[in-house]
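Worksheet for the structure shown next.
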Amino acid sequence: MKKARLIYNPTSGREEMRRLLPDVLERLDRAGIETTCHATTGEGDATLAAADAVSRGYDIIIAAGGDGTLNEVVNGMAGKSHLPPLGVFPLGTTNDFARAMGIPKRWEDYCDLVIENKTRPIDIGKANDRYFINIAGGGSLTELTYEVPSRLKTLIGQLAYYMKGIEKMASLSPTKLIINADGYEVLEGEFMLFLIANSNSVGGFEKLAPEARIDDGLLDVIAVKKCNLPEFIRLVSMALRGDHFNDPHVVYLKTKRMEVTSPGHVLLNLDGELGGELPGVFEILPQHLRIFA
């Protein structure tokens, strides 16, 4: 019998996993997967629980929650040898990674993927001494994901981000950045933000980095040069259609490694969570993890 560790955020998705737990455990148990649970209690707890599950030799680790919970679990696993495959029950507000991977929304269907052992290898991004599975970024607008209160996200979902985004737009200001990506000339100037995508689903936008692939061994980098508010709003509307690469304010490149520095104070966003600050070294760990998908 296989052993699985289910690490779940009890507050995600209006406490959905708490309600589903008996049915999920029964379905996995009937298929020969003995599953024990860990309910997270606060920031960083999922990372500790995942690291513990790896060290104890679990055959499967399952993360249930939003992108933040998934990021913590990945940080508890990445960098270690003999990693078990990872399952993902998407219960958060945006669930960018689950959308990019085509993970079923019905819990029964996803349990069956785990039971049938259908996995695929994926890349993991590294930012300094931390890891990200879907997106890294910096700049004032990238801060809104961790500025939105958890309760507000639970109550009104994606709308909470839009509300915060409108508020942030009024005070958008450029930041001086020096971007040194392998294979490219050094970029230096004022930028509104930079994003490093590991998949094609970013912040609910599926056309922001349409060529990004989770298993190609490359990071897709998008940087927006200094522009005024009307220009930035126009860029956002273009991004919804996937036309933003034609705009002269947008820099797009693919690389395995890059360094970003700034004379100012720039916070980093990793999978929607606060991830330290610049300077930052970003690199890809090709096919580092297996995901049930």
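In numbering that gives the first Met the number 0, the protein residues as written are 0 to 292. Using N, Cα and C, we set each Cβ at its ideal position, and we do this for glycine too. Every value quoted in this text rests on a predicted model; they were computed, and no experiment measured them.
At a Cβ-Cβ threshold of 7 Å, Leu69 and Thr34 do not count as neighbours.
Closest in alpha carbon position to Gly188, among Val223, Asn8, Asp111, is Val223. Under the three-state reduction of DSSP output, Thr10 falls in the coil class, being neither helix nor strand. Between Val265 and Glu276, the CB-CB gap stays under 7 Å. Proximity of the stretch 68-88 to the stretch 131-138 meets the contact definition, three or more beta-carbon pairs being nearer than 8 Å. When Leu228, Thr254, Glu272, Pro285 are compared, the shortest CA-CA separation from His248 is found for Leu228. With respect to the 7 Å criterion, Ile102 and Leu85 are not classified as neighbours on the basis of their beta carbons. Non-local C-beta neighbours of Leu252 in its own chain, meaning closer than 7 Å and more than five positions away in sequence, comprise Ala180, Tyr183, Val220, ordered along the chain. Judged by DSSP secondary structure, Ala126 falls outside any alpha helix (DSSP H) and instead within the beta strand (DSSP E) spanning 118-126.
Each residue's CA atom was taken as its position, placing Leu194 and Met0 some 42 Å apart.
The C-alpha of Pro285 lies about 31 Å from the C-alpha of Met16.
For the pair Ile114 and Ala45, the Cα-to-Cα distance works out to about 23 Å.
For Arg289, the enclosing beta strand (DSSP E) covers residues 279-291. The DSSP assignment places 95-100, 106-114 as complete runs of the alpha helix (DSSP H) inside the stretch 79-115, in order along the chain (cut-off: 4 residues).
For Ala30, there is no enclosing beta strand (DSSP E), as DSSP marks it with neither H nor E. Its Cα nearest to that of Val87, the residue Val23 stands out among Gly41, Glu210, Asp51, Val23. Sequence-distant Cβ neighbours of Asn245 in its own chain, meaning closer than 8 Å and more than five residues away, are Met237. In the displayed model, Glu189 falls within a strand according to three-state DSSP.
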